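Protein chains in written order, with our numbering: chain A, 84 to 196; chain Y, 84 to 196.
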DNA sequence: GGATAAATGAACCATATGGTTAATTCTGAA
DNA sequence: TTCAGAATTAACCATATGGTTCATTTATCC
């Protein structure tokens, strides 16, 4: 098990950079090559490669060879840890403990499955 | 206007550290002094102060003097930018463009208000 | 007023982060 | 089989981050 705190560190860390958020949003519209992703930015290719590495190790994207290019795509459930943490947090301080119980039970069921 | 990208940078950046997330969760259960927040961690007080500074400039908490202590509390809408970004993102790649339109309209209305 | 406690500030250190340029790998095409 | 393009790796640099210790402010209590 890859410690849930580490996952959250990496997920939120990946989202804390605007270039990476822009890349994610671009990829939401569909797959793209590394070159296509780099085009809008005034930044070298290696810089983009580094950002893609961060996104990939955070489980937010995946890359696969396609000829001499590489196609990047979103990993569908990559944002779930971040969403779940935020949901739990807001329900907590909203004092909605009844909803929180339901939420936690659902989480547990999902992780056991 | 404090550039929405900067807000997201700071918000996700603040959440990318497990000590700060733990502090936020602790504060969800109710106010606490800096000393109470520091107690569970094997870390100096100045380190905690720094984390609190990060959380405060990200708009996630606030501090107020109370005698010779300071009481920290959660800022209720501090997580909203992060939540909204995540919601928009997941709706997008889920292909739920109809729901996305509704969401964006609601966002716009809220920001205009 | 003087001692003590809570929190912060200042200075410092090691490592992480985000960028660069130059070299390298891998693949497709002439 | 050589050439050219896409992407990554390597090496480097400046700044940010997360921690430390020591000094300082602010407020309480005797």
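Cβ atoms here follow ideal geometry from the backbone N, Cα and C, with glycine treated the same way. Quantities reported herein were computed from a predicted structural model and do not represent experimental measurements.
Compare the C-alpha of residue i against each of the options and name the closest.
i, options, result
"residue 154 of chain Y", "Y:120, Y:86, Y:124 and Y:84", "Y:120"
"residue 141 of chain Y", "Y:193, Y:90, Y:195 and Y:188", "Y:90"
"residue 157 of chain Y", "Y:94, Y:111 and Y:105", "Y:111"
"residue 93 of chain A", "A:118, A:134, A:126 and A:124", "A:134"
"residue 145 of chain Y", "Y:195, Y:107 and Y:128", "Y:107"
Between the beta-carbon of residue i and the beta-carbon of residue j, is there less than 7 Å?
i, j, result
"residue 96 of chain A", "residue 99 of chain Y", "yes"
"residue 166 of chain Y", "residue 169 of chain A", "yes"
"residue 84 of chain A", "residue 116 of chain A", "no"
Is it the case that the CB of residue i approaches a heavy atom of the ligand ZN more closely than 6 Å?
i, result
"residue 135 of chain Y", "Ligands in the displayed structure: none, and consequently the ligand ZN is not present."
Measure the alpha-carbon distance for residue i versus residue j and round it to whole angstroms.
i, j, result
"residue 147 of chain A", "residue 109 of chain A", "17 Å"
"residue 143 of chain Y", "residue 160 of chain Y", "8 Å"
"residue 101 of chain A", "residue 114 of chain Y", "32 Å"
"residue 138 of chain A", "residue 103 of chain A", "7 Å"
"residue 172 of chain A", "residue 164 of chain A", "12 Å"
"residue 136 of chain Y", "residue 150 of chain A", "49 Å"
"residue 185 of chain Y", "residue 192 of chain Y", "11 Å"
"residue 132 of chain A", "residue 118 of chain A", "10 Å"
"residue 124 of chain Y", "residue 127 of chain A", "41 Å"
"residue 205 of chain Y", "residue 190 of chain A", "Outside the displayed range of chain Y (84 to 196) lies residue 205 of chain Y, so it cannot be described from this structure."
"residue 130 of chain A", "residue 174 of chain Y", "28 Å"
"residue 122 of chain Y", "residue 195 of chain A", "33 Å"
"residue 105 of chain Y", "residue 105 of chain A", "28 Å"
Which chain A residues are close to residue i, counting only those with a beta carbon under 7 Å from its beta carbon?
i, result
"residue 88 of chain Y", "101"
"residue 124 of chain Y", "Here the premise fails: no neighbours, minimum Cβ distance about 13 Å."
So which residues of chain A does residue i contact, with C-beta pairs closer than 9 Å?
i, result
"residue 217 of chain Y", "Coverage of chain Y is limited to positions 84 through 196, which leaves residue 217 of chain Y absent and any answer about it impossible."
Could you name the residues of chain Y that residue i contacts, counting a contact when the two beta carbons are closer than 9 Å?
i, result
"residue 166 of chain A", "166, 169, 170 and 173"
"residue 91 of chain A", "98, 99, 101 and 104"
Taking Cβ-Cβ distances shorter than 7 Å, what residues in chain Y pair up with residue i?
i, result
"residue 98 of chain A", "95"
"residue 162 of chain A", "169, 172 and 173"
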